[in-house]
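Add 384 to a position in the sequence shown, counting from 1, and you land on the number used in the working numbering.
For every residue, glycine included, the Cβ atom is placed at its ideal position computed from N, Cα and C.
Read the structure below first, then the notes.
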Amino acid sequence: MRDTVDLLWLVIPAAIAIFVLRTIVMARSLRAAAANPTLADARALREAKRSLRAHRDRLNEAVAQPKGHLDAAKRLATVPKPHGVRSTRTSHPDEPAIEPRA
385 MRDTVDLLWL VIPAAIAIFV LRTIVMARSL RAAAANPTLA DARALREAKR SLRAHRDRLN
445 EAVAQPKGHL DAAKRLATVP KPHGVRSTRT SHPDEPAIEP RA
């Protein structure tokens, strides 16, 4: 029993010392970063620009998709006219000519 108590009296102060040293090292690195914020700011700005560029690319793709869907819907929505019925609708230049059914 005496051996484990002696070991605890060595391990506990060692753990406390390691914790204190790590805290001091972190505080010093944070203080150094706060003293020269331009490096961190420049890195954050580069990351933000990269993220914005990727977002803009996805946005442009999303905006282009409905136009293609609308064009396809227009092409599919044209119905052949029965014989003898005239329409006042003019065809769109991109629409293919539809031949009436026989």
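Endpoints, the alpha helix (DSSP H) within which residue i is located
i	result
S462	Rather than Ser, the amino acid found at residue 462 in this sequence is Thr. Where T462 is concerned, there is no enclosing alpha helix (DSSP H), given that its DSSP letter is neither H nor E.
Neighbourhood of residue i by C-beta distance below 7 Å, restricted to the same chain and skipping five residues each side
i	result
L454	none
Close-in-space but distant-in-sequence residues of the same chain around residue i (CB under 8 Å, 5 per side omitted)
i	result
A426	none
Presumed contact (8 Å Cβ cut-off) between residue i and residue j, rounded CB distance
i	j	result
A424	A417	6 Å
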